[in-house]
């Protein structure tokens with residue numbers, strides 16, 4: 619976002635996290651005051667947490683406001699980033715609606731991006747008190763206002 623005080627929510631499982639590492643580096647270097655929330659996901663925390671130590675350092679320093687991780691193979695039930703989003707739905711809605719956060723998604727376009735989009739629409743509907751059509755309209759407006767951007771492959 620052009621305004622360095624704008625909060626950002628980043629959804630980047632696997633290699634999709636790479637641009638968000640750069641976002642955090644830039645925001646730290648420029649002294650941007652906007653809050654930063656990263657959702658990261660991979661199979662196993664022990665061997666798949668790309669840049670994990672760096673993200674934890676950013677969190678300790680205050681550059682990364684929140685870090686929510688989803689490990690799909692560390693327990694019996696698979697947990698993905700969209701599950702973590704739904705667990706934090708009220709807070710995501712607050713960031714988007716009251717605080718004007720930008721929402722970024724990077725990674726797998728076949729499944730993850732679709733599931734994240736569906737979770738976002740559900741959050742807007744349930745926590746924004748909107749009908750399905752109103753929620754879809756809200757999300758499309760986020761896109762047209764360049765507050766919802768996707769780099770999916």
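Numbering (this note's numbering), first residue to last: 619 to 771.
Positions of the beta carbon are idealized from the N, C-alpha and C atoms, including for glycine.
Check: Could you give the residue range of the beta strand (DSSP E) that holds residue 723?; Outcome: 720–725
Check: Closer than 7 angstroms by C-beta to residue 768: which residues in its own chain qualify, once you throw out the five before and the five after it? Chain order, please.; Outcome: 723, 731
Check: What residue does the alpha helix (DSSP H) around residue 750 start on, and which one ends it?; Outcome: 750–762
Check: Would you kindly check if the distance between the Cβ of residue 684 and the Cβ of residue 655 is under 8 angstroms?; Outcome: yes
Check: Which whole-angstrom value describes the C-beta separation of residue 738 and residue 721, a residue pair presumed to lie in contact below a C-beta threshold of 8 angstroms?; Outcome: 7 angstroms
Check: Kindly list the residues whose CB is nearer than 7 angstroms to the CB of residue 666, restricted to its own chain and excluding five residues on each side of it in sequence; keep chain order.; Outcome: 660
Check: Which word fits residue 645, buried or exposed, when buried means at least 16 other C-beta atoms lie within 10 angstroms of its C-beta?; Outcome: buried
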